[in-house]
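Protein chains in written order, with the working numbering: chain Y, 34 to 526; chain B, 948 to 1326.
Before any comments, here is the structure.
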Amino acid sequence: MKYLEFLKNTPASKTARYGLLIAMTLTLVLAMTGFYSVTRYLAAMGSNHAVGIEFDAEGGDILQPGGEALLPMFDLVPEGILTPWDGASRVTILVMGLDYRDWSVGEGPSRTDTMILLTMDPLNNTAGMLSIPRDLWVSIPGFENGRINTAYFLGEAYQLPGGGPALAVKTVEQLLGVTINYYAQIDFAAFVRFIDEIGGVKIDVPEKIKIDPIVGDPVILKPERQTLYGELALAYARARNTEGGDLDRASRQQQVILGIRDRLLSPEALSLLITKAPTLYNDLVSGVRANLQLDELIKLALLAQQIPEDQIVRQSISTSAILLAESPDEQSVLVPIPDEIRQIRDEVFLASTGTMGPLAPGSQQERMAAEAAKIALLNGSLVEGLGGRTKAYLQSLGVNIVEVSNGEYTAVTRLIDYTGNPHTARYFIELFGIPSEFYVFEFDPNRSIDVVITLGAHPPSFLRIGKGRICARPAVHPPHLCYYDRPGSLQEG
Amino acid sequence: MGVSLGPVISVSEMKKIISFFDTLTWWQWIILWGAMLAVFGATGIALGYSSGLQERQKSLAFARAVDLQLQVELGVADLDAGNYDLARQRFEYVLGQDPGFPGITDRLAETLLRIAETSTQEVALPTPTPAPTPTPDTRTIDELFSTAQRQYQNREWKNLIQTISALRDIDPLYQVSLTDRMLYVALRMAGVQKILEDGDLEGGMYDLSLVGKFVPLDSQASVYREWANLYQLGVSFWGIFPEKAVAYFSQIANIAPYLRDLSGIFAKDRYRMALAQYGDRLAEQGDWCLALEQYALAQNLFDDQALLPTAAFAGEQCHGAAPTVQSPSPEAATPTTTMTPEATATQQVTPDVVIPTPTGTSTLEPTPEVEMTPTPESP
């Protein structure tokens, strides 16, 4: 008050006094508004979307858990249910669409209609999409075997930790053996609005197809590149009435995902995203449920932007990997053939192994040499002098042979790796044609010898052993190397 | 000195300041106001951010507490309803989230005890693992490498995989020959560990597929992989083609009877249960003698009292004896196993949704009904 009194009595002009007062008041008001807005925003992010328990708008009363009335965009799934992404290695997301029949009834939880696994490898800038058919007969954690589309329903109905998304994720993880970091579940209305807001998606329709939008009359799409807006894009993704049935449908759904990606990466997308940000945000908040934080979403979007389309593997669990059958309740189900499914999984996930594969540069021989494994060579062939001659030959190739002696008789050459030398093992397996049953890994890091190779009576396929000489087959080692049984006699033949 | 306005500014100084403002033109006022706005606005936002974070933490803590309480209450309901596997999942989850949650250890112990008491099958019980941290790894590459070496020495294979992945995220070629070796060993050992110890058969096989990128799988790991594959084949046919499930589980029960998947059911018990399921299927088809063979095989593996009436009835049918009035009908005597999934949740269910029943109790007993408890309004 003293200051105000002083200001009032000061000889300065009214403009200065009141200007200063107004400016300070406005500034304080705006600062307080900023303070309040940020506080409420951050608090709401925490309260409305925590652990699948839904609160009312004030963050007070708890709404019915598992209910579909409020679908928060960012679920904060409790730690330990999903494996968090470290931000740099492979990331995998389960995208789910709910069953329209359940969703439109709006009573109780839904089943999933669509499940697509998206994976990205930032190290190699590759990605993959794997569609999982809804009728796949799988083991659902905590329940008897059932169709995979019921996993989400069960998680919601039984209010399991993490709800439907977490059980769906666990079921898919158990089916494929891969780790899933995120899920995103989008409802029909949000999908339609989103596609409309981004100006539709461009799709190469491969064949004439009749689609039946939820709103409006059926439409026949000609086989050509065309822009599909919300309702039609959804109908196109949901259509089943082509020869390939669910498999064609999976392919169309992947097409739509790629169409969205292309649309968002197009040059005009940035201005569009900025101008429509509030609308898009509202669409997403109302119709998308995901355990992604905004920063993670941005990171993923930037990552997706860097991956060229030809580096995106598209796969689905196809007819070769399933058997048609009937469930005990007489519904059609697809019984998975695990071996076949693994092959499909590996095409998507092991096309590039990122940080989870071998990264040492160079040829196999160079990688073997870099490992510098200490190798003992045992002669189990009963061919006199084979150990010595092979040693000389292998040393010429840069192999670190530290011991040669006679070993127990063996018909086939064997290799035992004690300390983990994958490049050395691979080199010799290929060089000597060692069958997998004769390659043994016996982990003992305290051994002084890393690898023991026992030469068998049947000479390695790449070697031709003559009287007093040993030669490499040219197909394996381009120089026609021969070692003659006299000092310093390694020669090119 | 005149009137003192406090310890900070004297009157003369204040006059100078006011005089200064008096000299400002309108655009200087705007610049000044902009600067003030920037300073105060930034301060307000920063304080708001800090306060918001605190509120968020409070909200999260509250929500988590509610969630844990809810899971405990649902777990108790599951326990009472005989859905032991669901109860176990919930209690393990609560224990993983908050090991100090009142009474959670006792509840989990009670669940495990109930499983052991009521189940005719032996169930291997997984140990709850602590939740992985979502915090990005901020260690330097040298620290990560030292950690990796320590984990390698201590044979902490799963942690080692994470560490090497984090290290390679920073520099893929750092000590690449060594990290290749460590990762190969870690994947190979973790893969086998998942198959033999954790019951994570598919996860183990995936790790071994990654091993195959380094070098073809060694002989022992190939064997373990094949075991896991046989088990998974049996599981994929479970409840649909019981004869195929019998064929696969008979093999795996012979060579690795204690192999299990994440359900915790050993291969030998799967074999016995598959035999009973196959018997049920044959009985449904009227092939009583073959059904009896399956029941007899199952009984040989484990003396299951619940199966006896069914087997006896199959025996009577097979040998042509007319069943007495008191004899159990096939429907009554036949175990429900996976044959009759029931919608057991009391909340509204879309009419054509068929819900698989929860596991956890003996599958040779009727499936218990689940009474869903009302959601608590407050923690």
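Built from N, CA and C at the ideal position, the CB exists for glycine as well.
Predicted model only: the values in this text are computed from it and were never measured.
- Go ahead and label Ala985 of chain B buried or exposed: buried means 16 or more other beta carbons lie within 10 angstroms of its beta carbon, across all protein chains shown. Exposure of Ala985 of chain B is indicated by the presence of fewer than 16 other C-beta atoms within 10 angstroms of its C-beta.
- Item | N- and C-terminal bounds of the beta strand (DSSP E) containing Val318 of chain Y | Val318 of chain Y -> not in any beta strand (DSSP E); alpha helix (DSSP H) instead, spanning 310-320.
- Task: May I ask you to list the residues that DSSP assigns as paired with Ile355 of chain Y?
- Result: Y:Pro369
- Taking 7 Å as the cut-off, decide whether the C-beta atoms of Leu392 of chain Y and Pro1119 of chain B are in contact. Cβ atoms of Leu392 of chain Y and Pro1119 of chain B: closer than 7 Å.
- Query: Residues in its own chain within less than 6 Å of Phe1161 of chain B by CB, not counting five upstream and five downstream?
  - Reply: Tyr1131
- Query: Is it true that the CB of Leu200 of chain Y sits closer than 7 Å to the CB of Leu208 of chain Y?
  - Reply: no
- Query: If contact means a Cβ-Cβ distance below 7 Å, which residues of the region 1141-1163 of chain B contact chain Y?
  - Reply: Glu1149, Gly1150, Met1152, Tyr1153, Ser1156, Leu1157, Lys1160, Phe1161, Val1162, Pro1163
- Give, in chain order, every residue of the region 1109-1124 of chain B whose Cβ lies closer than 9 Å to some Cβ of chain Y. Gln1109, Ile1111, Ser1112, Ala1113, Leu1114, Arg1115, Asp1116, Ile1117, Pro1119, Leu1120, Val1123, Ser1124
- Answer with yes or no whether the minimum CB distance from Arg1128 of chain B to chain Y is below 7 Å. At least one chain Y Cβ lies under 7 Å of Arg1128 of chain B.
- Message: So that I know if they touch, is there some Cβ in chain Y lying closer than 7 Å to that of Ser1197 of chain B?
- Response: no
- Message: Would you say the beta carbon of Gly991 of chain B is closer than 6 Å to some non-hydrogen atom of the ligand SAH?
- Response: No copy of the ligand SAH appears in this structure; indeed no ligand is present at all.
- Item | Any C-beta of chain Y under 7 Å from that of Pro1189 of chain B | no
- Item | Span separating the alpha-carbon of Ile114 of chain Y from that of Arg134 of chain Y | 29 Å
- Message: According to DSSP, simplified to helix, strand and coil, what is Pro1305 of chain B?
- Response: strand
- Message: Counting only Cβ pairs nearer than 9 Å, list the residues of chain Y close to Leu1033 of chain B.
- Response: Gly175, Phe176, Tyr191, Leu193
- Query: Which residue from B:Trp1185, B:Glu1090, B:Arg1207, B:Ser997 puts its Cα closest to that of Arg1172 of chain B?
  - Reply: B:Arg1207
- Message: Is there a C-beta anywhere in chain B that falls below 7 Å from the one on Ala270 of chain Y?
- Response: Using a Cβ-Cβ cut-off of 7 Å, Ala270 of chain Y does not count as an interface residue toward chain B, since no Cβ of chain B sits closer than that to its own.
- Relative to the alpha-carbon of Ala358 of chain Y, which residue among B:Tyr1242, B:Arg1086, B:Trp1185 has its alpha-carbon at the smallest distance? B:Trp1185
- Give a yes or no on whether the minimum CB-CB distance between Met389 of chain Y and chain B is below 7 Å. yes
- Message: According to DSSP, simplified to helix, strand and coil, what is Ala302 of chain Y?
- Response: helix
- Can you tell me the Cα-Cα spacing of Phe1188 of chain B and Ala1200 of chain B, whole angstroms? 18 Å
- Query: Taking Cβ to Cβ, would you say Thr452 of chain Y is nearer than 7 Å to Leu156 of chain Y?
  - Reply: no
- Message: Excluding the 5 residues flanking Gly263 of chain Y on each side, which residues of the same chain have their C-beta closer than 8 Å to its C-beta?
- Response: Phe224, Val225, Arg226, Phe227, Ile228, Asp229, Gly233
- If you check the beta carbons only, do Ile467 of chain Y and Thr443 of chain Y fall under 7 Å apart? no
- Task: Note down the Cα distance separating Asn274 of chain Y from Ile242 of chain Y, rounded to an integer number of angstroms.
- Result: 8 Å
- Task: Pick out the complete alpha helix (DSSP H) segments inside the region 1120-1154 of chain B, 4 residues or longer, and give them in chain order.
- Result: 1123-1140
- Query: For the putative contact between Val1193 of chain B and Leu1222 of chain B, defined by C-beta atoms under 8 Å, what is the C-beta separation to the nearest angstrom?
  - Reply: 6 Å
- Task: Using a Cβ cut-off of 8 Å, pull out every chain B residue sitting near Ser365 of chain Y, in sequence order please.
- Result: The premise fails here: Ser365 of chain Y is roughly 11 Å from chain B at the closest Cβ pair, so nothing lies under 8 Å.
- Pro169 of chain Y and Pro369 of chain Y look like a contact to me (Cβ under 8 Å); what is the Cβ gap, rounded to whole Å? Sequence check: residue 169 of chain Y is Leu here, not Pro. Right, their Cβ atoms sit about 6 Å apart.
- Check whether the Cβ of Ser959 of chain B lies closer than 7 Å to any Cβ atom in chain Y. no
- Determine which residues share a DSSP beta bridge with Leu261 of chain Y and list them. Y:Val234
- Task: Answer yes if the region 1103-1116 of chain B comes into contact with the region 1135-1154 of chain B, meaning at least three C-beta pairs across the two stretches below 8 Å, and no otherwise.
- Result: yes
- Query: From what residue to what residue does the alpha helix (DSSP H) around Arg422 of chain Y run?
  - Reply: 419-429
- Where Asp1089 of chain B sits in the DSSP three-state scheme: helix
- When the Cα of His1266 of chain B is compared with those of B:Pro1204, B:Trp1235, B:Tyr1031, B:Tyr996, which residue comes out closest? B:Trp1235
- Message: The alpha helix (DSSP H) that contains Thr388 of chain Y, what's its start and end?
- Response: Element bounds for Thr388 of chain Y: n/a, residue is neither H nor E.
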